[in-house]
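Number of protein chains: 2
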Amino acid sequence: MIDAALTTSVSAEDFKFAFRHHPAGVAVVTADAGNGPVAMTVSSLSSVGIAPPTLVFSASPRSSATPVIREAGTLVVHMLTADQVELAKLASTSGVDRFGEDVNWDRLPTGEPYYPEASEWLRGRIIGRLDINGSTLVVVEALQAKPREDVEHDDRLPLVYHNRTWHALGEHSRLG
Amino acid sequence: MIDAALTTSVSAEDFKFAFRHHPAGVAVVTADAGNGPVAMTVSSLSSVGIAPPTLVFSASPRSSATPVIREAGTLVVHMLTADQVELAKLASTSGVDRFGEDVNWDRLPTGEPYYPEASEWLRGRIIGRLDINGSTLVVVEALQAKPREDVEHDDRLPLVYHNRTWHALGEHSRLG
Numbered sequence: 003m004i005d006a007a008l009t010t011s012v013s014a015e016d017f018k019f020a021f022r023h024h025p026a027g028v029a030v031v032t033a034d035a036g037n038g039p040v041a042m043t044v045s046s047l048s049s050v051g052i053a054p055p056t057l058v059f060s061a062s063p064r065s066s067a068t069p070v071i072r073e074a075g076t077l078v079v080h081m082l083t084a085d086q087v088e089l090a091k092l093a094s095t096s097g098v099d100r101f102g103e104d105v106n107w108d109r110l111p112t113g114e115p116y117y118p119e120a121s122e123w124l125r126g127r128i129i130g131r132l133d134i135n136g137s138t139l140v141v142v143e144a145l146q147a148k149p150r151e152d153v154e155h156d157d158r159l160p161l162v163y164h165n166r167t168w169h170a171l172g173e174h175s176r177l178g
Numbered sequence: 003m004i005d006a007a008l009t010t011s012v013s014a015e016d017f018k019f020a021f022r023h024h025p026a027g028v029a030v031v032t033a034d035a036g037n038g039p040v041a042m043t044v045s046s047l048s049s050v051g052i053a054p055p056t057l058v059f060s061a062s063p064r065s066s067a068t069p070v071i072r073e074a075g076t077l078v079v080h081m082l083t084a085d086q087v088e089l090a091k092l093a094s095t096s097g098v099d100r101f102g103e104d105v106n107w108d109r110l111p112t113g114e115p116y117y118p119e120a121s122e123w124l125r126g127r128i129i130g131r132l133d134i135n136g137s138t139l140v141v142v143e144a145l146q147a148k149p150r151e152d153v154e155h156d157d158r159l160p161l162v163y164h165n166r167t168w169h170a171l172g173e174h175s176r177l178g
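In order, the protein sequences belong to chains A and B. Position 14 of the first sequence, counting from 1, maps to 16 under this note's numbering, and the rest follow consecutively. Position 142 of the second sequence, counting from 1, maps to 144 under this note's numbering, and the rest follow consecutively.
This is the structure we're talking about:
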């Protein structure tokens, strides 16, 4: 005999409660499928392979950028540091112009919009899309990285999102 | 004319360099497909939907637990805090007994092995597997959460993995 409680689904509230306590690195994804640039902040970026170099992130149906990112063949994924928290906020706030005149953005020679100030970026092509309960998992093969000579890491602290707050990692947060 | 550099793939070294600077929350996944419990530390956990509550993580081909997790019907995903860093190390170190007599583990009434000390856990069933260049994306629908009365958050700092170091989030790391 199976206890009914064991087969019950988790409530949305309990699920969100659990994930509110799971921190994440912060990335901004940009793309242009032919009708202008879009940008979206994601906290779901991870690496899934290195031969070839492959990454994945999930695109929420609540983001206005998702339809364009689904349609685009290529995109740029930016890894952000704490000094770029304004960029993370820009790409996660509704109703603001993410490519306005006061925003530092440009296009790569291949045409994709991108934010040059990001500590790291990878340009890639979408090799898979998996629809899961409304969200889209986007699988990307990396084609190009920000040139190493443009990467300045030593004085930049990685950005983390956690329970609706932003954090900076560094010696101050290190364990042991 | 297309510059050859624009179509070249990213080297594994450059790709890993980029991701070494992308921090992540830490989770431990446990399962038993009938031949004993396995555990694996993952830094790729994210939520992909709430109706029904759905999560995803990637299982590396380098982990000895991956074949079992691929085969299991259900599993437990534990979200870790800084005081549980030893558990994260236990489940990511080769050749140690992750369910030895000195380890605090148990089984849920439904049979899955789990670590009761984890700040949060979700039990779920695997609803999809996507093979990507050697890794497996595992899609899980959450069925059960750690009972709220057992969850103590206020004094626990979330654990973050970054560039081969462990970090704790808290007021000390908060921006703004």
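Cβ atoms here follow ideal geometry from the backbone N, Cα and C, with glycine treated the same way.
>> Taking only three categories from DSSP, how would you classify Glu1 of chain A?
In response: In this structure chain A extends from 3 to 178, so residue 1 of chain A is not present and cannot be described.
> Any beta-carbon of chain A closer than 8 angstroms to the one on Gln146 of chain B?
Replying inline: Walking along the second sequence from the start, residue 146 of chain B turns up at place 144. Proximity of Gln146 of chain B to chain A, defined by a Cβ-Cβ separation below 8 angstroms, is satisfied.
> Using the C-alpha atoms, what's the distance from Arg176 of chain A back to Gly102 of chain A?
Replying inline: For this step, residue 102 of chain A is matched to residue 100 along the first sequence. For this step, residue 176 of chain A is matched to residue 174 along the first sequence. Answer to the nearest angstrom: the Cα atoms are 37 angstroms apart.
>> Is Gly75 of chain B close to chain A? Criterion is C-beta to C-beta, closer than 8 angstroms.
In response: The residue given as residue 75 of chain B occupies position 73 in the second sequence. So no, Gly75 of chain B is outside the interface.
> Are there three or more Cβ pairs, one per stretch, closer than 8 angstroms when the region 20-32 of chain B is compared with the region 44-61 of chain B?
Replying inline: The region 20-32 of chain B makes contact with the region 44-61 of chain B, as at least three CB pairs between them are under 8 angstroms.
> Under 7 angstroms Cβ-Cβ, which residues of chain A neighbour Val141 of chain B?
Replying inline: The residue you call residue 141 of chain B lines up with position 139 of the second sequence. Against Val141 of chain B, the close residues of chain A are Ile134, in the order they occur along the chain (beta-carbon pairs closer than 7 angstroms).
> CA-CA distance, Glu151 of chain B and Ser121 of chain B?
Replying inline: Stepping through the second sequence from its first residue, residue 151 of chain B is reached at position 149. Stepping through the second sequence from its first residue, residue 121 of chain B is reached at position 119. Distance between the alpha carbons of Glu151 of chain B and Ser121 of chain B: 11 angstroms.
> In chain B, what lies closer than 8 angstroms to Met42 of chain A by C-beta?
Replying inline: Position 40 of the first sequence, counted from the first residue, corresponds to residue 42 of chain A. Here the premise fails: no neighbours, minimum Cβ distance about 14 angstroms.
>> Taking contact to mean 3 or more Cβ pairs, one atom from each stretch, closer than 8 angstroms, check whether the region 67-79 of chain B and the region 125-138 of chain B are in contact.
In response: Taking 8 angstroms as the limit for Cβ pairs, the verdict is that the region 125-138 of chain B does touch the region 67-79 of chain B.
>> At a cut-off of 7 angstroms, would you count Arg176 of chain A as near the ligand MN, judging by its Cβ distance to the nearest heavy atom?
In response: Among the components modelled here there is no ligand, and therefore nothing to report on the ligand MN.
>> In the DSSP assignment, the beta strand (DSSP E) including Phe59 of chain B goes from what residue to what residue?
In response: On the second sequence, residue 59 of chain B is found 57 positions in, with the first residue counted as 1. From DSSP, the beta strand (DSSP E) with Phe59 of chain B extends over 55-61.
>> Using a Cβ-Cβ cutoff of less than 8 angstroms, which residues in the same chain neighbour Ala90 of chain A once the five nearest sequence positions on both sides are dropped?
In response: Residue mapping note: residue 90 of chain A aligns to position 88 of the first sequence, counting from 1. For Ala90 of chain A, where only same-chain residues beyond five positions count, the Cβ hits under 8 angstroms are Val28, Val30, Thr43, Leu82, Leu161, Tyr163, Trp168.
>> As an exercise, report each continuous alpha helix (DSSP H) stretch of at least 4 residues that is fully enclosed by the region 91-153 of chain A, in chain order.
In response: If only complete runs of 4 or more residues are kept, the region 91-153 of chain A shows no alpha helix (DSSP H) anywhere.
>> Would the region 48-63 of chain A count as touching the region 133-153 of chain A if we require 3 or more Cβ pairs under 8 angstroms?
In response: Enough Cβ pairs lie closer than 8 angstroms, so yes.
> If you measure from the beta carbon of Thr122 of chain A to each beta carbon in chain B, is any gap under 8 angstroms?
Replying inline: Here residue 122 of chain A corresponds to residue number 120 of the first sequence, with the count starting at 1. Correcting the residue identity first, residue 122 of chain A is Glu in this sequence and not Thr. Yes, because at least one Cβ of chain B sits closer than 8 angstroms to the Cβ of Glu122 of chain A.
>> Bridge partners for Pro160 of chain B per DSSP, in chain order?
In response: As a first step, residue 160 of chain B must be located in the second sequence, where it is residue number 158. BP columns for Pro160 of chain B point to B:Thr83.
> Mind checking Ser49 of chain A: buried by the 16 CB within 10 Å criterion, or exposed?
Replying inline: Taking the first sequence and counting its residues from 1, the one referred to as residue 49 of chain A is at position 47. Note on Ser49 of chain A: 16 or more other CB atoms within 10 angstroms of its CB, so buried under the neighbour-count rule.
> So Val70 of chain A is in the alpha helix (DSSP H); what residue range does that whole segment cover?
Replying inline: Numbered from its first residue, the first sequence carries residue 70 of chain A at position 68. Following the DSSP letters along the chain, one finds Val70 of chain A inside the alpha helix (DSSP H) bounded by residues 68-73.
> Smallest Cα separation from Ser11 of chain A: which of B:Pro55, B:His24, B:Thr112?
Replying inline: Indexing the first sequence from 1 puts residue 11 of chain A at position 9. The residue with the shortest Cα to Cα distance from Ser11 of chain A is B:Pro55.
> Helix, strand or coil: which one does DSSP assign to Met42 of chain B?
Replying inline: Residue numbering aside, residue 42 of chain B sits at position 40 when the second sequence is read from its first letter. It is a strand residue.
>> Just list the residues that DSSP pairs Ala170 of chain B with in beta bridges.
In response: Within the second sequence, residue 170 of chain B is the residue found at index 168, counting from 1. Answer is B:Leu161, bridged to Ala170 of chain B.
> What did DSSP end up calling Ala14 of chain A once you bin it into helix, strand or coil?
Replying inline: Start at 1 with the first residue of the first sequence, and residue 14 of chain A comes out as number 12. Looking at Ala14 of chain A - three-state DSSP - the assignment turns out to be helix.
>> Against chain E, which members of the region 15-28 of chain B pass a CB distance test of less than 8 angstroms?
In response: Among the protein chains of the structure shown, namely A and B, there is no chain E.
> Secondary structure at Arg176 of chain B, three-state DSSP: helix, strand or coil?
Replying inline: Within the second sequence, the letter at position 174 stands for residue 176 of chain B. Strand at Arg176 of chain B.
> Can you tell which of A:Ala14, A:Asn37, A:Phe19, A:Arg22 has the C-alpha that lies nearest to the C-alpha of Gly113 of chain A?
Replying inline: Numbered from 1 along the first sequence, position 111 holds the residue referred to as residue 113 of chain A. Comparing Cα-Cα distances from Gly113 of chain A to each of A:Ala14, A:Asn37, A:Phe19, A:Arg22, the minimum goes to A:Asn37.
> What are the residues that DSSP puts in a beta bridge with Gly36 of chain A?
Replying inline: For the purposes of this step, residue 36 of chain A is taken as residue 34 along the first sequence, with counting starting at 1. DSSP, once it has assigned bridges, lists no residue as partnering Gly36 of chain A.
> Around the C-beta of Arg100 of chain B, are 16 or more other C-beta atoms found within 10 angstroms, so that it is buried, or is it exposed?
Replying inline: The residue you call residue 100 of chain B lines up with position 98 of the second sequence. Note on Arg100 of chain B: 16 or more other CB atoms within 10 angstroms of its CB, so buried under the neighbour-count rule.
> Which one of A:His80, A:Trp123, A:Glu119 has the shortest CA to CA distance from Val105 of chain A?
Replying inline: As a working mapping, residue 105 of chain A is identified with position 103 in the first sequence. Residue A:Glu119 is the option with its Cα nearest to Val105 of chain A.
> Over what stretch of residues does the beta strand (DSSP E) that includes Ser48 of chain A continue unbroken?
Replying inline: Numbered from 1 along the first sequence, position 46 holds the residue referred to as residue 48 of chain A. 48-52 is the span of the beta strand (DSSP E), which, as asked, contains Ser48 of chain A.
> Does the beta-carbon of His174 of chain A have 16 or more other beta-carbons within 10 angstroms, so that it is buried, or is it exposed?
Replying inline: As a working note, residue 174 of chain A is residue 172 in the first sequence. Classification of His174 of chain A: exposed, given that the 10 Å Cβ count is below 16.
> Relative to chain B, which residues along the region 48-64 of chain A have a C-beta separation below 7 angstroms, given in chain order?
Replying inline: From the region 48-64 of chain A, only Ser48, Ser49, Val50, Gly51, Ile52, Ala53, Pro54, Pro55, Thr56, Val58, Ser60 have a Cβ closer than 7 angstroms to chain B.
> If Ala20 of chain A and Ala147 of chain B are in contact, beta carbons under 8 angstroms, what's the gap, nearest whole angstrom?
Replying inline: Here residue 20 of chain A refers to the residue found at position 18 when the first sequence is read from its first residue. Here residue 147 of chain B refers to the residue found at position 145 when the second sequence is read from its first residue. The pair is a contact, with the Cβ atoms about 6 angstroms apart (cut-off 8 angstroms).
>> Let me confirm a value: Thr76 of chain B is counted as buried when at least 16 other C-beta atoms fall within 10 Å, else exposed. Which label applies?
In response: On the second sequence, position 74 is the one that residue 76 of chain B refers to. Classification for Thr76 of chain B: buried.
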